[in-house]
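K.L.:
Protein chains in written order, with my numbering: chain Y, 1 to 303; chain S, 1001 to 1238; chain D, 2001 to 2103. All C-beta atoms in this analysis are idealised placements derived from N, C-alpha and C, irrespective of residue type, glycine included. Sending over a structure as structure tokens; questions will come in a sec.
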């Protein structure tokens, strides 16, 4: 029996994460499974539907703060976004603008656009992206949590980087294209998808934290994600939540510098060494808190 | 249609646009004034450099030309599929470009996009689909992924996907399907310059694509799901 | 996809709560949506399954389930992606147990 404090975020289903991350019993679901709003497109491919189309959205309390939340179920269609799934995200985000919670939390576990719904999925992801930015424009911080087995990929990897902050575990991955897609397109020398260690050095939580794309790196525990999410919500109030020209110019400088310094690098560990990590080989084996302590002084700027 | 012919047709009063590593930047003249032009050509894959170059131009436009409308010309094969781009965090570079477009919008710039050749997945999400309204030429191809790759990933036989891609709105790559689904505002035929002027004059009133998709019959559920959640109902309107 | 429906009469146990869902529609798994519903005492079970041709097994599992729980005024809907009978029974039992807990 796993105690509350130790329960794994990775192993949990979306609904288990919602029950354990937020204040007990506080999650209230919008358009629950009993509404039976299922995908209108999966039937023609003879694929099964899910009553929540792979995402639960609603309102919850987090240490007394009111938050709106979405939790994607990686076990259904890889958490990928179809018409209904995307519309549930957009509906929650638009309702957040009406009700002004303290924050919006996105528990992202997704391959991106649901290929089974192709065109509808692509437009849906774009609508989610616009809606996230609308929430930020309304002054409500949006925090992404990435720690599921399927990672956060594709168009949703872009959406994740439109939020105010990303909390990741080492097990989480955040990227655009999966290693198999790259290997198929450009060959195994380009990216060997079976080299799991390389996959995580390239797209995993620790690497993203070192780059500054993730703002927090936590252990694989729901309690750790909860604490980090709270910290990010509180930290968000000390910076502009909406986009500003100054912030985007700063981000532009950061991204340009990153590309100029490391655009030629083939192995992520070279990058870690170049930014000042003295023993990069040891990083993958470190516990989250030890890792953070070790790299905080040298990791690249946030955002 | 190549970008030179396209921009000559869009800007009969003149345009100065340059291409550097398949990224287009420049300006065109219309009756109301000057339009900033940014985009891609040669079906370029959007990598770190391509995203940065377009973002730089948009930030410059916001800083130096307040209120100037922006035209995004889309021709891309999607995100660049390289280890190095993933390592650097290409999703963040693409998000940065999208955020720059959003900032321009919030700062009062009207943003119009035109798919004049290809638009695929991530490369499209981050540019054309961030515009106030996205348009397409009739010969444009808009899709999520090539069929062989889709078949491999979904485990749906390629023959079945090919069958569906002929006329099923969810799978067929033509702009007509995106039009019906609300992703594309209009397909431009004939007088491109007039179409552009009209598009620039329209008001920007938020993201109305799911409402368009419902009205046009291409996406029957999206807007109704959004409405049900926003109004706190547990069932969709009929 | 195959669609199966079973209706059981004569059940005696009603559910305390309104609705719940357990399980995930992934390979070898299933989701069970269970609701209290005014069905004149019936327990109705609707199954959508990606594994075709197992009607006899589903019937046996559902019959056992009803014998175990004797539900009345209950509506159960299943989306199945090839779960074994053991997993199906497990999820059904989990679903009932969540509905019998007071909230």
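Given a limit of 8 angstroms on CB to CB distance, which residues of the segment 202-213 of chain Y reach chain S?
P.N.:
Those residues of the segment 202-213 of chain Y that come within reach of chain S (Cβ to Cβ, closer than 8 angstroms) are 202, 203, 207, 208, 211 and 213.
K.L.:
Since residue 2080(D) meets chain Y, which of its residues come closer than 8 angstroms, beta carbon to beta carbon?
P.N.:
What residue 2080(D) touches in chain Y: 48.
K.L.:
Quick one: is residue 2021(D) near chain Y, going by C-beta distance under 7 angstroms?
P.N.:
So, interface residue.
K.L.:
Would residue 2033(D) count as contacting chain B if we go by Cβ distances under 7 angstroms?
P.N.:
Reference to chain B is not applicable here, since the protein chains of this structure are Y, S and D.
K.L.:
So, with DSSP's three-state summary, where would you put residue 1021(S)?
P.N.:
If DSSP states are grouped into helix, strand and coil, residue 1021(S) belongs with coil.
K.L.:
According to the Cβ coordinates, are residue 1103(S) and residue 133(Y) closer than 7 angstroms?
P.N.:
Cβ atoms of residue 1103(S) and residue 133(Y): not closer than 7 angstroms.
K.L.:
Could you round the C-beta distance between residue 148(Y) and residue 74(Y) to whole angstroms and report it? I think they count as a contact, below 8 angstroms.
P.N.:
Indeed they touch by this definition, with Cβ atoms about 5 angstroms apart.
K.L.:
Whose C-beta lies closer than 6 angstroms to the C-beta of residue 51(Y) among residues of the same chain, with five residues either side of it excluded?
P.N.:
Only 33 and 36 meet the Cβ criterion.
K.L.:
Of all the options 1032(S), 1021(S), 1062(S) and 1098(S), which has the alpha carbon lying nearest to the alpha carbon of residue 1044(S)?
P.N.:
Comparing Cα positions, the closest option is 1021(S).
K.L.:
Apart from the five residues just before and just after residue 1147(S), which ones in its own chain have a Cβ nearer than 7 angstroms to its Cβ?
P.N.:
These residues qualify, in order along the chain: 1158, 1161, 1162 and 1165.
K.L.:
Roughly how many whole angstroms lie between the Cα atoms of residue 2088(D) and residue 1138(S)?
P.N.:
Cα to Cα, the separation comes out at about 50 angstroms.
K.L.:
Might you give, ordered along the chain, the residues of its own chain that have their beta carbon closer than 8 angstroms to the beta carbon of residue 29(Y), omitting 5 neighbours on each side?
P.N.:
Excluding residues within five positions, the ones whose Cβ falls inside 8 angstroms are 56, 57 and 58.
K.L.:
Could you please give the first and the last residue of the uninterrupted beta strand (DSSP E) stretch that includes residue 65(Y)?
P.N.:
65-72 is the span of the beta strand (DSSP E), which, as asked, contains residue 65(Y).
K.L.:
Which ranges does the alpha helix (DSSP H) cover as unbroken runs of at least 4 residues, wholly within the segment 2021-2092 of chain D, from first to last along the chain?
P.N.:
Runs found: 2055-2069.
K.L.:
Determine contact between the segment 281-299 of chain Y and the segment 1127-1135 of chain S, defined as no fewer than three beta-carbon pairs at a distance below 8 angstroms.
P.N.:
Taking 8 angstroms as the limit for Cβ pairs, the verdict is that the segment 1127-1135 of chain S does not touch the segment 281-299 of chain Y.
K.L.:
For residue 2002(D), report the span of its beta strand (DSSP E) as first-last.
P.N.:
Per DSSP, residue 2002(D) belongs to the beta strand (DSSP E) from 2002-2008.
K.L.:
Report the residues of the segment 1117-1143 of chain S with a CB closer than 8 angstroms to any CB of chain Y, ordered along the chain.
P.N.:
So the close ones are 1121, 1122, 1124, 1125, 1126, 1129, 1130, 1142 and 1143.
K.L.:
What residues from chain D crowd round residue 75(Y), counting only those whose CB sits closer than 8 angstroms?
P.N.:
Near residue 75(Y) (Cβ distances below 8 angstroms), the residues of chain D are 2024, 2025, 2026 and 2029.
K.L.:
Helix, strand or coil for residue 269(Y) per DSSP?
P.N.:
If DSSP states are grouped into helix, strand and coil, residue 269(Y) belongs with the helices.
K.L.:
So residue 167(Y) and residue 229(Y) are in contact, right, with Cβ under 8 angstroms, and what is the actual spacing, rounded?
P.N.:
Confirmed, Cβ separation roughly 6 angstroms.
K.L.:
DSSP state of residue 303(Y), grouped into three classes?
P.N.:
Low local confidence applies: a pLDDT of 41 at residue 303(Y) is under 50, so the model's placement there is unreliable, with the coordinate-based value given in what follows. In this structure, residue 303(Y) counts as coil in the three-state DSSP scheme.
K.L.:
Can you have a look at residue 188(Y) and say buried or exposed, based on whether 16 or more other CB atoms are within 10 angstroms of its CB?
P.N.:
Per the 10 Å Cβ criterion, exposed.
K.L.:
How many angstroms separate the CA atom of residue 1145(S) from the CA atom of residue 1121(S)?
P.N.:
So the two alpha carbons sit approximately 7 angstroms from each other.
K.L.:
Can you tell me whether residue 50(Y) is helix, strand or coil according to DSSP?
P.N.:
In this structure, residue 50(Y) counts as coil in the three-state DSSP scheme.
K.L.:
Helix, strand or coil for residue 1108(S) per DSSP?
P.N.:
Residue 1108(S) falls in the coil class under three-state DSSP.
K.L.:
Pick helix, strand or coil for residue 196(Y), following the three-state DSSP scheme.
P.N.:
If DSSP states are grouped into helix, strand and coil, residue 196(Y) belongs with the helices.
K.L.:
Alpha carbon to alpha carbon, how far is residue 312(Y) from residue 49(Y)?
P.N.:
Here chain Y comprises residues numbered 1 to 303, so residue 312(Y) is not present and cannot be evaluated.
K.L.:
Does the CB of residue 1195(S) have a neighbour CB from chain Y at under 7 angstroms?
P.N.:
Not closer than 7 angstroms to any Cβ of chain Y, the Cβ of residue 1195(S) fails to qualify, so no.
K.L.:
If distances are taken between C-alpha atoms only, which option among 1081(S), 1052(S), 1226(S) and 1177(S) comes closest to residue 1099(S)?
P.N.:
Ranking 1081(S), 1052(S), 1226(S) and 1177(S) by Cα distance to residue 1099(S) puts 1052(S) first.
K.L.:
Output needed for residue 144(Y): all residues of its chain with C-beta closer than 6 angstroms, excluding positions within five of it in sequence on either side, in chain order.
P.N.:
Closer than 6 angstroms at the Cβ level, and outside the excluded window around residue 144(Y), lie 106, 108, 160, 163 and 166.
K.L.:
For residue 51(Y), go through chain D and note every residue whose CB falls closer than 9 angstroms to its CB, in chain order.
P.N.:
Neighbours of residue 51(Y) on chain D, chain order: 2021, 2025, 2031, 2033, 2077 and 2079.
K.L.:
What's the gap between the Cα of residue 1233(S) and the Cα of residue 1226(S)?
P.N.:
If you take the alpha carbons of residue 1233(S) and residue 1226(S), they lie about 10 angstroms apart.
K.L.:
Closer than 9 angstroms, Cβ to any Cβ of chain D: which residues of the segment 7-34 of chain Y, in chain order?
P.N.:
Listed in sequence order: 13, 14, 15, 25, 32, 33 and 34.
K.L.:
From this set, 1047(S), 1038(S), 1204(S) and 1201(S), which residue's C-alpha is nearest residue 1291(S)'s C-alpha?
P.N.:
Coverage of chain S is limited to positions 1001 through 1238, which leaves residue 1291(S) absent and any answer about it impossible.
K.L.:
If you draw a straight line from the C-alpha of residue 297(Y) to the C-alpha of residue 291(Y), how long is it?
P.N.:
When rounded, the distance between both Cα atoms is 11 angstroms.
K.L.:
Name the chain Y residues whose beta carbon is nearer than 8 angstroms to that of residue 1096(S)?
P.N.:
By Cβ distance, chain Y contributes 161, 248, 251, 252 and 255.
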